[in-house]
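Asks: Handing you a structure now.
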Amino acid sequence: MLKTSRRWSRVGASVAVALLVLAGCGSSGSKASDSAVPGGNATETTVSATLKVLVTNDDGYNADGIDAVVEGLRALPDTEVTVVAPLKNQSGTGGKTTDGPLTVTDVKTKSGYPAKAVDGFPADTIIWAIDQHGIDFTPDLVVSGINFGQNIGPAVDISGTVGAARAAAARKIPALASSQGIGDPMAYPTGVTQVLSWVAEHRADLLDGKAVSDKLLENINIPTCPTGTNRGVVDMPIAPDLAGRDMLKVDCQSSATNPTDDVGAFIIGYVTLSTLPPTPSTPPSTTP
Numbered sequence: 205m206l207k208t209s210r211r212w213s214r215v216g217a218s219v220a221v222a223l224l225v226l227a228g229c230g231s232s233g234s235k236a237s238d239s240a241v242p243g244g245n246a247t248e249t250t251v252s253a254t255l256k257v258l259v260t261n262d263d264g265y266n267a268d269g270i271d272a273v274v275e276g277l278r279a280l281p282d283t284e285v286t287v288v289a290p291l292k293n294q295s296g297t298g299g300k301t302t303d304g305p306l307t308v309t310d311v312k313t314k315s316g317y318p319a320k321a322v323d324g325f326p327a328d329t330i331i332w333a334i335d336q337h338g339i340d341f342t343p344d345l346v347v348s349g350i351n352f353g354q355n356i357g358p359a360v361d362i363s364g365t366v367g368a369a370r371a372a373a374a375r376k377i378p379a380l381a382s383s384q385g386i387g388d389p390m391a392y393p394t395g396v397t398q399v400l401s402w403v404a405e406h407r408a409d410l411l412d413g414k415a416v417s418d419k420l421l422e423n424i425n426i427p428t429c430p431t432g433t434n435r436g437v438v439d440m441p442i443a444p445d446l447a448g449r450d451m452l453k454v455d456c457q458s459s460a461t462n463p464t465d466d467v468g469a470f471i472i473g474y475v476t477l478s479t480l481p482p483t484p485s486t487p488p489s490t491t492p
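FYI, the numbering for the sequence shown is 205 to 492, going by this note's numbering.
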């Protein structure tokens, strides 16, 4: 029988606090109070140092998914969130970059959190933030997403969500690419739960700079279950192809076990976690 990952065996108190914030704002991203900015007393012993998280995506700064994860992250204790995201939807652009100056404007997410919008590709947001010193610090973690739609199997290398995370990993910054499976409605709170749990598990190592090269970049995909709930988190390799499978059809009530790759696990209701190399199999292109 397939053993689910040891990750996310329980959600800590800090994650529960963040989920309360999500419950208050809803998945559509209604405005949260400024009092949700982290810094209050935690109900458990936590690392006292501030975790600096840079959030980006490929759906654009005003997407529901980035709004949901930003509101969740900023409710965590001792966590500082900075948003630098594309000005427009750049889905499917992989690791493309812009050759030349980048135009950046001040904007706000759907819930009103300050952000920088880069008129370019997802990877350009990292170039502007890090290489061009758009921000004045090096983040402990880059979270890319939460994407609208799963990025599994052959979709990984063309994903702008993954492209931005890869740009961070190429600069030795730990990164998590996060994607929510397509559904109606999109279950972004479920995805936020998984992202926050990942952060809680890795927080101490991120603050201590202990991320190693083979774990610098991870890709998490969370099903939106038509019925039932997801079956837990499993570590899976990326499928080289779909092999006749429809990655849009998800059965969270399936009794199937022992999938061999991320596509197989995702379509039977598992949250998939995959370690990726910092560079794709096909080099990214540059657009003038």
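Each residue gets a CB set at the ideal place from its N, CA and C atoms; glycine is no exception.
Cα-Cα, which of Ile331, Pro484 and His337 is closest to Asp304?
Replies: Locating residue 304 in the sequence shown gives position 100, counting from the first residue. As written in the sequence, residue 304 is Gly, which differs from the Asp given in the question. When only C-alpha atoms are compared, the closest one is Ile331.
Asks: Pairs of beta-carbons, one from the region 370-390 and one from the region 341-349, closer than 8 angstroms: are there three or more?
Replies: Touching, yes.
Asks: Specify the secondary structure class of Ile270 as computed by DSSP and reduced to three states.
Replies: The count along the sequence shown starts at 1 and reaches residue 270 at position 66. Here Ile270 sits in helix by DSSP.
Asks: Is it buried or exposed, Trp212, if we count other Cβ atoms within 10 angstroms and call 16 or more buried?
Replies: Within the sequence shown, the letter at position 8 stands for residue 212. The predicted position of Trp212 is uncertain, since its pLDDT is 46 and thus under 50; a value taken from the coordinates is nonetheless stated next. With 16 or more Cβ atoms within 10 Å of its Cβ, Trp212 is classed as buried.
Asks: Along the alpha helix (DSSP H) that carries Thr365, what are the first and last residues, could you check?
Replies: Residue numbering aside, residue 365 sits at position 161 when the sequence shown is read from its first letter. Taken as a continuous stretch (DSSP letters only), the alpha helix (DSSP H) holding Thr365 covers Gly364 to Ala374.
Asks: Identify whether Asp360 lies in helix, strand or coil by the three-state DSSP scheme.
Replies: To locate residue 360, count along the sequence shown from 1; it is residue 156. The sequence as given places Val at residue 360; Asp does not occur at that position. DSSP places Val360 in coil when its eight states are reduced to three.
Asks: State the Cα-Cα distance for the pair Leu255 and Ala369, rounded to the nearest angstrom.
Replies: The residue labelled residue 255 in the question sits at position 51 within the sequence shown. The residue labelled residue 369 in the question sits at position 165 within the sequence shown. Cα to Cα, Leu255 sits roughly 18 angstroms from Ala369.
Asks: Just checking my contact of Gly296 with Ile362 at CB under 8 angstroms: how many whole Å lie between their CB atoms?
Replies: Here residue 296 corresponds to residue number 92 of the sequence shown, with the count starting at 1. Here residue 362 corresponds to residue number 158 of the sequence shown, with the count starting at 1. Confirmed, about 5 angstroms.
Asks: I'd like to check one pair, Ile356 with Val467: are the Cβ atoms closer than 7 angstroms?
Replies: Reading the sequence shown from its first residue, position 263 is the one you call residue 467. Reading the sequence shown from its first residue, position 152 is the one you call residue 356. Yes.
Asks: Thinking Ser511 and Met440 are a contact (beta carbons under 8 angstroms), I'd like their distance in whole angstroms, please.
Replies: Absent from the structure is residue 511, since the part of the chain shown begins at 205 and ends at 492.
Asks: Extract the residue ranges of the alpha helix (DSSP H) inside the region 282-355, only unbroken runs of 4 or more that lie entirely within it.
Replies: Whole alpha helix (DSSP H) segments, 4+ residues: 326-330.
Asks: Since Ser383 is in the alpha helix (DSSP H), which residue starts that stretch and which ends it?
Replies: The residue given as residue 383 occupies position 179 in the sequence shown. No alpha helix (DSSP H) holds Ser383; the beta strand (DSSP E) holding it covers Ala379 to Gln384.
Asks: When burial is assigned at 16 or more other CB atoms within 10 Å of the CB, is Lys453 buried or exposed?
Replies: The residue given as residue 453 occupies position 249 in the sequence shown. By the neighbour-count rule (16 or more Cβ atoms within 10 Å), Lys453 is not buried but exposed.
Asks: DSSP three-state call for Ala408: helix, strand or coil?
Replies: Your numbering for residue 408 matches position 204 in the sequence shown. DSSP places Ala408 in helix when its eight states are reduced to three.
Asks: State the DSSP-derived secondary structure class of Asp466, mapped to helix, strand or coil.
Replies: Position 262 of the sequence shown holds residue 466. Looking at Asp466 - three-state DSSP - the assignment turns out to be helix.
Asks: Given 8 angstroms as the limit, is there contact between the region 392-410 and the region 332-340, that is, 3 or more CB pairs closer than that?
Replies: Because the criterion of three Cβ pairs below 8 angstroms is not met, the region 392-410 and the region 332-340 do not touch.
Asks: Could you spell out where the beta strand (DSSP E) holding Asp439 opens and where it closes?
Replies: Within the sequence shown, numbered from 1, the residue matching residue 439 stands at position 235. Run containing Asp439: Val437 to Asp439, per the beta strand (DSSP E) assignment.
Asks: Leaving out five residues before and five after Ala379 in sequence, what residues of the same chain have Cβ atoms less than 6 angstroms from its Cβ?
Replies: To locate residue 379, count along the sequence shown from 1; it is residue 175. Around Ala379: Val346, Ala369, Ala372, Ala373 and Leu421.
Asks: If distances are taken between C-alpha atoms only, which option among Leu480, Ala447 and Ile270 comes closest to Glu464?
Replies: Position 260 of the sequence shown holds residue 464. A small correction: the amino acid at residue 464 is Thr; Glu does not occupy that position in the sequence shown. Of Leu480, Ala447 and Ile270, the residue nearest in Cα terms is Ala447.
Asks: Measuring only the C-alpha atoms, how far is Val360 from Asp282?
Replies: Locating residue 360 in the sequence shown gives position 156, where the first residue counts as 1. Locating residue 282 in the sequence shown gives position 78, where the first residue counts as 1. C-alpha separation (whole angstroms): 32 angstroms.
Asks: Look at the alpha carbon of Tyr265 and the alpha carbon of Leu410, and state the distance between them as a whole number of angstroms.
Replies: Reading the sequence shown from its first residue, position 61 is the one you call residue 265. Reading the sequence shown from its first residue, position 206 is the one you call residue 410. Looking at the two C-alpha atoms, the distance is approximately 25 angstroms.
Asks: Kindly identify the DSSP beta-bridge partner or partners of Glu422.
Replies: Here residue 422 is taken as the residue at index 218 of the sequence shown, counted from 1. In DSSP, Glu422 forms a bridge with Leu380 and Thr479.
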